[in-house]
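Participant: I have a structure here, written as structure tokens, and I will follow up with some questions on it.
There are 2 protein chains.
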Amino acid sequence: MAKHFGDRLCDAVIAKKSPLIVGMDPVYSRLPEEVRKRYGSNNDIEAVIDATIEFCTRTLKIVAPYVPAVKFNIAYFERYFWEGVEAYYSLVAEADSLGLEVIGDVKRGDIGHTCTAYADAHLKDPKYKSLNIIAPDAITVNGFAGADGILPFADAASESNNGIFVWIRASNPSAARLQDAVTKEGMPFYQILAEITNEIASQPRRIGENGYSNVGMVVGGTTAENTAVMRARYPNVWFLVPGFGSQGGSAEDCVKFCKPDGTGALINSSRGIIYAYEDDKYKAQFGDNWEKCIEQATIDSCAMLKNAMQK
Amino acid sequence: MAKHFGDRLCDAVIAKKSPLIVGMDPVYSRLPEEVRKRYGSNNDIEAVIDATIEFCTRTLKIVAPYVPAVKFNIAYFERYFWEGVEAYYSLVAEADSLGLEVIGDVKRGDIGHTCTAYADAHLKDPKYKSLNIIAPDAITVNGFAGADGILPFADAASESNNGIFVWIRASNPSAARLQDAVTKEGMPFYQILAEITNEIASQPRRIGENGYSNVGMVVGGTTAENTAVMRARYPNVWFLVPGFGSQGGSAEDCVKFCKPDGTGALINSSRGIIYAYEDDKYKAQFGDNWEKCIEQATIDSCAMLKNAMQK
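Here the protein sequences come in this chain order: A and B.
Under this note's numbering, the first residue of the first sequence carries the number 1, and numbering increases by one thereafter.
Under this note's numbering, the first residue of the second sequence carries the number 1, and numbering increases by one thereafter.
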């Protein structure tokens, strides 16, 4: 029996001495020429998918020694229809085999029975023997429908010893008009959603040995003003923090989601790492060696977060 | 060049003289014994998918003469991994070939680039010649991230002459705590989202000949108190109304989303129609003939809505 999801994350973050996770958002046109040219035309879906799989597999192997987890954004696979979805599941298994915790960034959300169907797809290993795949360790969930829309995912995660992260506050500019709207009672909308999520997260059966729930929250690193408040208010919760790097969240802002022992938050960088070979700084250092660029960007990002935590 | 999506819906609703649409949420264990037994064990994913495709294909042919559109809930296909996703696309094409408008109930939502990737998957015909599929005419979108999260879908829909329906108000009980929370300015949260959506929907380039936008709204039929207000406030918008039938929305409540000419709303019934053969009333009338049960339930549902509109 695998450990509780919250405890697995503690172990992984402590072992790697970093909260950094790498977001896999592969865009074919940005993949290294060296990889693309091996497979043929970008009008051939097999060529596109094979190049994407090769790029992701090699990137996973580069980052695995440094980070506790990776996050696959399924949209970048789903755009290649069922063939892309098959590639997504094969990469989840590849990441798992490298000892990484794996998060499926699927942001699924609906009500009742539909949540259960989505949870079957994304949180449970298939019962069909012909499918040699596994579910990711956790997925992101869109909790717009409230508790009814979150509980079926939380329960499926508990059953399969996995986790979920409910999307509480987005990291994009236009989210504020909606998510920061304040109620008559003085509570911003995102906080109502956080309270609903925390009520589910705090149910004793969801809490592991280290005190963390298997129900976490996605909160953008670009919305730092209330970070310390949320960290204090939801002590049982792992935060998944997008927005570090390309999206403009600073290391100092992001690490406010971590507890003093370094656990409690996974800080995601996607484009800043997987496209590091487009960055003049790394190009000057490593030329066409895109793998070295990705490795150095991973090391540098870990160091930035470490420095920020020591401040 | 196909007509504008809003005009296609007008034509379809007027031709069928009904706003009823049928929601395809197939659950294997509830499929007719006659269909399931033809394919073998429920532990064999091919058998499960083949039975699901047969059931859906036959159901589409039964309902096509009566309704303007069908809605496929992708969760019920995605639960069968990439093989289910392939089945989803094949059924979208089947429904299209029957002359139906087709809505993909995918409730995708994220920010920026990720929305564009999802839109590639769900709103645009693939550019890959090896994939002989088409996109549905419209999809549902989760607009939690605000305008940034809606615009990429709206723009993709406009480019491909399709539509979107933004999920504004859910039909489940727990949605109220979140979506009906009222701001200091006296506006419930769902209305802020409706305003954001309407600003996008009302852009002149999105409006068709009949005055409807290709950006619509999903609003639950179980939340009738503000229905007439929304119909009046958003005259350019097609409403997609879940909750009729099994979820408890009455015909009288649902038709308040229609304009006097009968256009302006698509009213969805899923389980009440596709599982009509589980209903004692229809069993007594048609015995094991599940197709007759579905046909009669479709006819009855159309009649209920027609009567309600004449009140």
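A virtual CB, placed ideally from N, CA and C, is assigned to each residue, including glycine.
#1: Against chain B, does Leu91/A count as a neighbour if the rule is that its beta carbon must be under 8 Å from one of theirs?
#2: When you compare the CB of Phe257/A with every CB in chain B, is at least one pair closer than 8 Å?
#3: If you draw a straight line from the C-alpha of Ala176/A to the C-alpha of Asp261/B, how long is it?
#4: Less than 6 Å between C-beta atoms, sequence neighbours within five positions excluded: which residues of the same chain meet that for Gln313/A?
#5: Do the region 283 to 297 of chain A and the region 50 to 68 of chain A touch if we need at least three Cβ pairs shorter than 8 Å?
#6: Quick check on Glu101/B: buried or exposed, where buried means 16 or more other Cβ atoms within 10 Å of its Cβ?
#7: Got a sec, what are the start and stop residues for the beta strand (DSSP E) Met24/B sits in?
#8: Tell me whether Arg205/B is buried or exposed, calling it buried when 16 or more other Cβ atoms sit within 10 Å of its Cβ.
#9: What residue from Lys61/B, Gly243/B, Lys107/B, Asn162/B has the CA that sits closest to Lys124/B's CA?
#10: Look at the alpha carbon of Gly220/A and the alpha carbon of His4/B, and state the distance between them as a whole number of angstroms.
#11: What residues from the region 145 to 177 of chain A come within 9 Å of chain B, judged by C-beta to C-beta, listed N to C?
#12: Going by CA-CA distance only, name the one from Pro32/A, Ala194/A, Gly6/A that's closest to Trp167/A.
#13: Using DSSP with H/G/I as helix, E/B as strand and the rest coil, what is Pro188/B?
#14: Starting from the Cα of Met309/A, find the closest Cα among Leu20/A, Ser158/A, Tyr234/A and give me that residue.
#15: What is the rounded straight-line gap between the Cα of Ala181/B and the Cα of Ile192/A?
#16: Should Ile196/A be flagged as near chain B, meaning a C-beta pair shorter than 8 Å?
#17: Using the beta-carbon of each residue, which ones in chain B are nearer than 8 Å to Ile45/A?
#18: Using C-beta distances below 8 Å, list every residue in its chain close to Leu31/A, excluding the 5 sequence neighbours before and after it, in chain order.
#19: When burial is assigned at 16 or more other CB atoms within 10 Å of the CB, is Gln296/B buried or exposed?
#20: Would you check if the distance between the CB atom of Ile196/B and the CB atom of Ile164/B is smaller than 8 Å?
#21: Residues in the region 289 to 304 of chain B with C-beta within 7 Å of chain A's C-beta atoms, listed in sequence order?
#22: State buried or exposed for Pro235/A, treating a residue as buried only when at least 16 other CB atoms are found within 10 Å of its CB.
#23: Name, please, each residue of chain B whose Cβ falls closer than 8 Å to the Cβ of Leu193/A.
#24: Who are the neighbours of Gly109/A on chain B, taking C-beta pairs under 7 Å?
#25: Could you tell me which of Ser130/A, Gly112/A, Lys129/A, Ile139/A sits nearest to Ala121/A, measuring between CA atoms?
#26: Between Asp253/A and chain B, is the shortest Cβ-Cβ distance under 8 Å, so that the two count as touching?
#27: Along the region 233 to 252 of chain B, where does the CB come closer than 7 Å to a CB of chain A? Name the residues.
#28: Just curious, the beta strand (DSSP E) that Gly243/A is in, first and last residue?
#29: Spatial neighbours of Phe286/A within its chain, please: C-beta separation below 8 Å, excluding the five flanking residues on both sides.
#30: Closer than 8 Å, CB to CB, is Ala276/B near chain A or not?
#31: Take every Cβ of the region 142 to 161 of chain B, pair it with every Cβ of the region 200 to 219 of chain B, and state whether three or more of those distances are shorter than 8 Å.
#32: With distances taken from CA atoms, which of Gly248/A, Phe244/A, Gly249/A, Asp253/A is nearest Arg231/A?
#33: When burial is assigned at 16 or more other CB atoms within 10 Å of the CB, is Arg8/A buried or exposed?
#34: Does Phe165/B come out as helix, strand or coil in the three-state DSSP assignment?
#35: Return the CA-CA distance between Lys184/A and Phe239/B, expressed in angstroms with no decimal places.
#36: Can you check whether the CB of Val85/A is closer than 8 Å to the CB of Met24/A?
Facilitator: Straight from the coordinates:
#1: As a working mapping, residue 91/A is identified with position 91 in the first sequence. It does not: the Cβ of Leu91/A has no partner Cβ on chain B nearer than 8 Å.
#2: What you label residue 257/A is simply residue 257 of the first sequence in a count that begins at 1. Not an interface residue.
#3: For the purposes of this step, residue 176/A is taken as the residue at position 176 of the first sequence. For the purposes of this step, residue 261/B is taken as the residue at position 261 of the second sequence. In a straight line, the C-alpha of Ala176/A is about 38 Å away from that of Asp261/B.
#4: Residue coverage of chain A in this structure runs from 1 to 311, which leaves residue 313/A outside it and unanswerable.
#5: yes
#6: Here residue 101/B refers to the residue found at position 101 of the second sequence. By the 10 Å Cβ count, Glu101/B comes out buried.
#7: In the second sequence, residue 24/B corresponds to position 24, counting from 1. 20 to 24 is the span of the beta strand (DSSP E), which, as asked, contains Met24/B.
#8: Here residue 205/B corresponds to residue number 205 of the second sequence, with the count starting at 1. Answer is exposed; the Cβ neighbour count stays below 16.
#9: Stepping through the second sequence from its first residue, residue 124/B is reached at position 124. For Lys124/B, the nearest C-alpha among the options comes from Asn162/B.
#10: Locating residue 220/A in the first sequence gives position 220, counting from the first residue. Locating residue 4/B in the second sequence gives position 4, counting from the first residue. Between Gly220/A and His4/B, the C-alpha separation is close to 37 Å.
#11: Ala145, Gly146, Ala147, Asp148, Gly149, Ile150, Leu151, Trp167, Ala170, Ser171, Asn172, Pro173, Ser174, Ala175, Ala176, Arg177
#12: On the first sequence, residue 167/A is found 167 positions in, with the first residue counted as 1. If we check each option's Cα against that of Trp167/A, Ala194/A comes out closest.
#13: Position 188 of the second sequence holds residue 188/B. Residue state, collapsed to three classes: strand.
#14: Within the first sequence, numbered from 1, the residue matching residue 309/A stands at position 309. Of Leu20/A, Ser158/A, Tyr234/A, the residue nearest in Cα terms is Leu20/A.
#15: By 1-based counting over the second sequence, the position of residue 181/B is 181. By 1-based counting over the first sequence, the position of residue 192/A is 192. Those two C-alpha atoms are separated by around 9 Å.
#16: On the first sequence, position 196 is the one that residue 196/A refers to. Output row for Ile196/A: interface = yes.
#17: In the first sequence, counting from the first residue as 1, residue 45/A sits at position 45. Near Ile45/A (Cβ distances below 8 Å), the residues of chain B are Pro126, Tyr128, Ser130, Leu131.
#18: The count along the first sequence starts at 1 and reaches residue 31/A at position 31. Within the same chain, Leu31/A has close Cβ partners Ala51, Thr52, Phe55.
#19: Residue numbering aside, residue 296/B sits at position 296 when the second sequence is read from its first letter. Under this definition Gln296/B is a buried residue.
#20: Start at 1 with the first residue of the second sequence, and residue 196/B comes out as number 196. Start at 1 with the first residue of the second sequence, and residue 164/B comes out as number 164. Result no, Cβ atoms of Ile196/B and Ile164/B do not sit closer than 8 Å.
#21: none
#22: By 1-based counting over the first sequence, the position of residue 235/A is 235. Classification of Pro235/A: exposed, given that the 10 Å Cβ count is below 16.
#23: If you number the first sequence from 1, residue 193/A lands on position 193. By Cβ distance, chain B contributes Leu178.
#24: To locate residue 109/A, count along the first sequence from 1; it is residue 109. The contacting residues are Lys107, Asn142.
#25: Position 121 of the first sequence, counted from the first residue, corresponds to residue 121/A. Nearest option by C-alpha distance: Ile139/A.
#26: Counting from 1 along the first sequence, the entry for residue 253/A is found at position 253. No, its Cβ sits nowhere closer than 8 Å to a Cβ of chain B.
#27: none
#28: Within the first sequence, the letter at position 243 stands for residue 243/A. It is not in any beta strand (DSSP E) - Gly243/A carries neither H nor E in the DSSP assignment.
#29: Within the first sequence, numbered from 1, the residue matching residue 286/A stands at position 286. Only Tyr277, Lys292, Cys293, Gln296 meet the Cβ criterion.
#30: As a first step, residue 276/B is located in the second sequence; it is residue number 276 there, counting from the start. Not an interface residue.
#31: yes
#32: Indexing the first sequence from 1 puts residue 231/A at position 231. Closest option to Arg231/A, Cα to Cα, is Asp253/A.
#33: Residue mapping note: residue 8/A aligns to position 8 of the first sequence, counting from 1. Classification for Arg8/A: buried.
#34: Taking the first residue of the second sequence as position 1, residue 165/B is located at position 165. Reduced to three states, the DSSP call for Phe165/B is strand.
#35: Here residue 184/A refers to the residue found at position 184 when the first sequence is read from its first residue. Here residue 239/B refers to the residue found at position 239 when the second sequence is read from its first residue. Looking at the two C-alpha atoms, the distance is approximately 29 Å.
#36: Locating residue 24/A in the first sequence gives position 24, where the first residue counts as 1. Locating residue 85/A in the first sequence gives position 85, where the first residue counts as 1. Taking 8 Å as the Cβ cut-off, Met24/A and Val85/A do not qualify as a contacting pair.
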